[in-house]
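Beneath this line is the structure, given in structure tokens, with notes to follow.
Number of protein chains: 2
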Amino acid sequence: MKKHPAEQLTEYLAGQGLKSTSQRDTILKIFVDAGRHLSAEELYARVKKTHPGIGYATVYRTLKLLAGAGMAEERRFEDGFTRYEFKAAKGHHDHLICTRCGEIIEFENERIEALQQDVARKNRFLVKSHKLELYGLCAECQGKR
Amino acid sequence: MKKHPAEQLTEYLAGQGLKSTSQRDTILKIFVDAGRHLSAEELYARVKKTHPGIGYATVYRTLKLLAGAGMAEERRFEDGFTRYEFKAAKGHHDHLICTRCGEIIEFENERIEALQQDVARKNRFLVKSHKLELYGLCAECQGKR
DNA sequence: CGTTATATTGAAAATGGTTATCAATATCAA
DNA sequence: TTGATATTGATAACCATTTTCAATATAACG
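Those sequence lines, one after another, are chains A and Y. Using our numbering, the first residue of the first sequence is number -17, and each one after it goes up by one. Using our numbering, the first residue of the second sequence is number -17, and each one after it goes up by one.
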């Protein structure tokens, strides 16, 4: 049975001998509700609106914590920004990134994954993870000049 | 007729109304000779050995310049380091990256590229560039614990 | 319940890679 | 040569992210 993110976090903290705090719960909730691909700064901005008392560092720390707990993934896109993505139980996926408006579209393609394994095999390489990003213009932005 | 990198750079500089300098020539030569995937810091270290007078900033600036000239490509890998890759006339390729020893193996696979286009088409996305990186252990490192 | 050891917090300082500043210098067209 | 200007080296500035540290909150224990 799948648990709420909040419970997941609580269990993780207990298991690690760490403590539950209202800040962590708050940040997690806002992170999950916000959708995906948030930078620490963006998340902090959202947190600040309803919880002005929470500090910048705590947002950063919590994001790292969530990554450690396997609940968030840290991603560096080619534009230089590091963003975090909430990691539900859903499978691996890759990204289409619009370089004009910043939109990020997710996709998965198991044939590509299979071919990646072929490549790895030929190089006697053991793949642990991968990253595939296609940069260009989304449908919207192709019309604009 | 293909030109030496040095000539390429000279032509680019002249075309842009910029000036040729011994520092730029030196840095370019060392960059090209060094192989690929150098960080600015690594390149600076090599430059310093034979040309202690050349400054840190000049290495950074020259790398940016080369990127602007289309002679180098800036790449951010997931480990957080930005590296530059000398860009010869050779086609696009992707990377296998060993997370233990840092080795970087290049590969190309046109079937993967074709599938990427399929994905893009389905999303009405116009791909300008892409990045595919497989992280894991190289043959060497799989043996070690 | 209080107590207590210790994890966490917020604010601010520190860090690390990269870029900007600036006076001195080199380049190149005239 | 000269002169306008691009470039350089040293250093300060930047900016996102981390670390530090004293104050505070948490959770286990008595």
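Yeah, the Cβ is synthetic: ideal placement off N, Cα and C, and Gly gets one too. Treat the numbers as computed from the prediction; the structure is a model and nothing was measured.
Alpha-carbon to alpha-carbon, residue j and residue i
i                      : j                      : result
residue 95 of chain Y  : residue 62 of chain Y  : 25 Å
residue 131 of chain A : residue 80 of chain A  : With chain A covering only -17 through 127, there is no way to say anything about residue 131 of chain A.
residue 67 of chain Y  : residue 76 of chain Y  : 12 Å
residue 111 of chain Y : residue 69 of chain A  : 26 Å
residue 122 of chain Y : residue 100 of chain A : 18 Å
residue 59 of chain Y  : residue 3 of chain A   : 34 Å
residue 102 of chain A : residue 17 of chain Y  : 22 Å
residue 126 of chain Y : residue 33 of chain A  : 48 Å
residue 1 of chain A   : residue 89 of chain A  : 36 Å
residue 35 of chain A  : residue 5 of chain A   : 9 Å
residue 107 of chain A : residue 7 of chain Y   : 37 Å
residue 15 of chain Y  : residue 91 of chain A  : 38 Å
residue 55 of chain A  : residue 10 of chain Y  : 37 Å
residue 30 of chain A  : residue 41 of chain A  : 10 Å
residue -4 of chain Y  : residue 52 of chain Y  : 15 Å
residue -6 of chain Y  : residue -2 of chain A  : 57 Å
residue 57 of chain Y  : residue 113 of chain Y : 9 Å
residue 13 of chain Y  : residue 65 of chain A  : 31 Å
residue 105 of chain Y : residue 37 of chain Y  : 47 Å
Simplified DSSP assignment, three categories, for residue i
i                      : result
residue 57 of chain Y  : strand
residue 50 of chain Y  : helix
residue 2 of chain A   : coil
residue 32 of chain A  : helix
residue 44 of chain A  : helix
residue 8 of chain A   : helix
residue -12 of chain A : helix
residue 125 of chain A : helix
residue 103 of chain A : helix
residue -3 of chain A  : helix
residue 16 of chain Y  : coil
CB contact below 8 Å: residue i versus chain A
i                      : result
residue 117 of chain Y : yes
residue 107 of chain Y : yes
residue 63 of chain Y  : no
residue -2 of chain Y  : no
residue 49 of chain Y  : no
residue 102 of chain Y : yes
residue 60 of chain Y  : yes
residue 97 of chain Y  : yes
residue 45 of chain Y  : no
Per DSSP, the bridge partner or partners of residue i
i                      : result
residue 67 of chain Y  : Y:55
residue 76 of chain A  : A:89
residue 21 of chain Y  : Y:65
residue 109 of chain Y : A:118
Any C-beta of chain Y under 8 Å from that of residue i
i                      : result
residue 93 of chain A  : yes
residue 83 of chain A  : no
residue 87 of chain A  : yes
residue 112 of chain A : yes
residue 124 of chain A : yes
residue 121 of chain A : yes
residue 78 of chain A  : yes
If you pair each beta-carbon of the stretch 71 to 86 of chain A with each one of the stretch 33 to 51 of chain A, do three or more pairs fall below 8 Å? no
Please determine if the stretch 15 to 22 of chain A and the stretch 22 to 41 of chain Y are in contact, where contact requires at least 3 C-beta pairs separated by less than 8 Å. no
With three or more C-beta pairs closer than 8 Å as the rule, is the stretch -14 to 4 of chain Y touching the stretch 112 to 121 of chain Y? no
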